[in-house]
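**Student:** Take a look at the following structure, please.
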Amino acid sequence: MNWDLVYTKQAQKDAKKLAASNLRDKAQELLDIIQTNPFQNPPPYEKLVGDLEGAYSRRIHIQHRLVYEVIESENTVKVLRMGRIMSNGILQLSSIGLIPMPAIASTII
Numbered sequence: 001m002n003w004d005l006v007y008t009k010q011a012q013k014d015a016k017k018l019a020a021s022n023l024r025d026k027a028q029e030l031l032d033i034i035q036t037n038p039f040q041n042p043p044p045y046e047k048l049v050g051d052l053e054g055a056y057s058r059r060i061h062i063q064h065r066l067v068y069e070v071i072e073s074e075n076t077v078k079v080l081r082m083g084r085i086m087s088n089g090i091l092q093l094s095s096i097g098l099i100p101m102p103a104i105a106s107t108i109i
């Protein structure tokens, strides 16, 4: 059973930046994994705390993370951000709005 993937506007912008950083393929691998099973381990994931409690993070690269929420009642994974961790260890989340993606939801544009 596959999960539906939806992306925030910011995650869509992040995807374009990842492509420029040559991290598109690695991000796509993680998206394929979470579409199949958002709780699959390995690769490891972290449960986030604080303002992002309820969200999960997976490492795309040394300083890049994929941050997502799982909405089990809707069989949906909401991708919040795909980006670089700031020097203080925080991936800033802003402008979060839910946007359904086309039929092939795991494809990064």
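For the sequence shown, position 46 matches number 46 in the working numbering, and the numbering has no gaps at all. Idealized CB from N, CA, C, for every residue including glycine.
(1) Taking only the alpha-carbon atoms, compute the straight-line gap between residue 34 and residue 77 and give it to the nearest angstrom.
(2) Starting from residue 18, trace the alpha helix (DSSP H) in both directions and tell me its first and last residue.
(3) Can you give me the Cβ contacts of residue 48 inside the same chain, cut-off strictly under 8 Å, excluding the 5 residues immediately before and after it?
(4) Closest to residue 25 by CA distance: which of 79, 61, 81, 84 is it?
(5) Identify whether residue 62 lies in helix, strand or coil by the three-state DSSP scheme.
(6) Reducing DSSP to helix, strand and coil, say where residue 85 ends up.
(7) What did DSSP end up calling residue 52 once you bin it into helix, strand or coil?
(8) Taking the beta carbon of residue 82 as the centre, do at least 16 other beta carbons fall within 10 Å, making it buried, or is it exposed?
**Tutor:** Taking the structure as given:
(1) The alpha-carbon atoms of residue 34 and residue 77 are separated by roughly 8 Å.
(2) Annotation for residue 18: the continuous alpha helix (DSSP H) segment containing it runs 9-20.
(3) Contacts found: 54, 55, 56, 57, 67.
(4) Of the candidates 79, 61, 81, 84, the one whose C-alpha sits nearest the C-alpha of residue 25 is 61.
(5) If DSSP states are grouped into helix, strand and coil, residue 62 belongs with coil.
(6) In the three-state scheme derived from DSSP, where H, G and I count as helix and E and B as strand, residue 85 is classed as coil.
(7) Of the three classes helix, strand and coil, the one that applies to residue 52 here is helix, per DSSP.
(8) Under this definition residue 82 is a buried residue.
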